[in-house]
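> Numbering (UniProt numbering), first residue to last: 1 to 285.
Please see the structure below; I have some questions.
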Ligand code: NAD
């Protein structure tokens, strides 16, 4: 497997799974963070492909425009509306939810935005820890807090929060302490929403191994340097080495899982985690 083969693929209409669900209409809004790239973009396209109105937010305005353009190229049923914002800023978080709620009945939230930083605990810069924590844990909590009243305000009072976790929400690798802590925390948020949602407001997390996105391609060099191995060895040994399924997931595979979790098929999924890791965490050689 080469560096080229881990690059993010282009999403086609056939890649999007359609699920029959009466709630998947343009009246209902799905807010997706990190919608300008990778898994967030794929989740947005999958939700729009299922007929939902999708509010995408990201700090990257160009990325958002590209997602909207791809949705239009594919002629997706649901509209995709970009909202630029920085998830480290509370005013932005409040504006993002208000603007998303103006589009219709806000019913779904996908917390996907993220970043990575590779350093040992002893070397880890605390300002980077704080930034990562704000984007990947505090923002999902604040967004959930602000979205839940909108869910309750809809006709049937139902809504759902999907959180993008990781295999790093189950076990950890070294030199990713901030990432590991935030992903474990997201599972706590997921279960807390389930505990307070009384089955009407559900929550779930999605845990995957490595997915072909810019976040992964960007850490190839750093991981190689940190471990003293080649980029090729990072791909083959670290990224797919422990997985029994020797094929990296694509962003749309994850986007489809979010739609499944939001749908009626997922109505008993509440506080649970969709561990789609190709056997990575529950087996060993
Ligand atoms: P990505 O880099 O393609 O996308 C992340 C997006 O988050 C970017 O568009 C970025 O601009 C946005 N973002 C970063 N900081 C922000 C901020 N302050 N405000 C608003 N937006 C901000 O990465 P991805 O691989 O699609 O990752 C998405 C999520 O999936 C992350 O939470 C990541 O931890 C998780 N994840 C990824 C993988 C993988 O292998 N790619 C595996 C498991 C989990």
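Where is the CB? At the ideal position from N, CA and C, for every residue including glycine.
Remember, predicted model here, so these are calculated numbers, not experimental data.
Residues bridged to residue 80 by DSSP?
54.
> Throw me the rounded Cβ distance for the residue 112 and residue 49 pair, which I believe falls under 8 Å.
Going by Cβ atoms, the distance from residue 112 to residue 49 rounds to 16 Å, so no, they are not a contact pair.
> Taking the alpha helix (DSSP H) that residue 180 belongs to, which residues open and close that run?
Residue 180 -> alpha helix (DSSP H) spans 177-197.
> Heavy atom of ligand 1 less than 7 Å from the Cβ of residue 175, yes or no?
For ligand 1, not one heavy atom lies less than 7 Å from the Cβ of residue 175.
> Quick one: any contact between the stretch 215-234 and the stretch 261-280, if contact means 3 or more CB pairs under 8 Å?
Output reads no: the stretch 261-280 does not touch the stretch 215-234.
> Within the same chain, show all residues whose beta-carbon is closer than 6 Å to that of residue 157, passing over the 5 residues directly before and after it, in chain order.
So the list reads 200, once near-sequence residues are dropped.
> Within 10 angstroms of the Cβ of residue 283, are there 16 or more other Cβ atoms? Answer buried if so, exposed if not.
So residue 283 ends up on the exposed side.
> Just list the residues that DSSP pairs residue 30 with in beta bridges.
Note: residue 30 sits in a beta bridge opposite 54, 108.
> Which partner residues does residue 274 have in the DSSP bridge list?
206, per the DSSP bridge assignment.
> Here's the rule: buried if 16 or more other CB atoms are within 10 angstroms of the residue's CB, otherwise exposed. What is residue 22?
The residue is exposed, with fewer than 16 neighbouring Cβ atoms inside 10 Å.
> Confirm, please, whether the CB-CB distance from residue 104 to residue 53 is below 8 Å.
Yes, the Cβ-Cβ distance between residue 53 and residue 104 is below 8 Å.
> Out of 47, 175, 32, point me to the one whose CA is closest to residue 97's CA.
With distances taken between Cα atoms, residue 97 lies closest to 32.
> Among residues of its own chain, excluding the 5 on either side of residue 150, which ones have a beta-carbon nearer than 6 Å to its beta-carbon?
So the qualifying residues of the chain are 101, 106.
> Taking residue 99 as the reference, which of 115, 116, 80, 117 has the closest Cα?
It is 80.
> Taking its Cβ as the centre, do 16 or more other Cβ atoms sit within 10 Å of residue 190, making it buried, or is it exposed?
By the neighbour-count rule (16 or more Cβ atoms within 10 Å), residue 190 is buried.
> Does residue 126 come out as helix, strand or coil in the three-state DSSP assignment?
Helix at residue 126.
> Which term fits residue 28, buried or exposed, when burial requires 16 or more other beta carbons within 10 angstroms of its beta carbon?
Classification of residue 28: buried, given that the 10 Å Cβ count is 16 or more.
> Is any heavy atom in ligand 1 found nearer than 7 Å to the beta carbon of residue 36?
Yes, Cβ of residue 36 sits closer than 7 Å to a heavy atom of ligand 1.
> Would residue 203 pass as a contact of residue 271 if the rule is Cβ separation under 8 Å?
Contact: yes.
> Which complete beta strand (DSSP E) runs does the stretch 210-258 hold, if anything under 3 residues is left out?
If we require 3 residues or more, the stretch 210-258 turns out to have no beta strand (DSSP E) run fully inside it.
> How do the stretch 173-184 and the stretch 129-145 stand: do at least 3 beta-carbon pairs fall below 8 Å, yes or no?
Contact between the stretch 173-184 and the stretch 129-145 is present, because at least three Cβ pairs lie under 8 Å.
> Can you look up residue 201 in the DSSP assignment and give me helix, strand or coil?
In the structure shown, residue 201 sits in a strand (DSSP, three-state: E or B).
> Given 7 Å as the limit, tell me if residue 59 has its C-beta closer than that to any heavy atom belonging to ligand 1.
Yes - ligand 1 has a heavy atom lying nearer than 7 Å to the Cβ of residue 59.
> What are the start and end residues of the beta strand (DSSP E) that includes residue 164?
Element bounds for residue 164: 159-164.
> Check each candidate in 41, 18, 116, 249 and name the one with the smallest Cα separation from residue 174.
If we check each option's Cα against that of residue 174, 116 comes out closest.
> Pick helix, strand or coil for residue 119, following the three-state DSSP scheme.
Three-state result, residue 119: strand.
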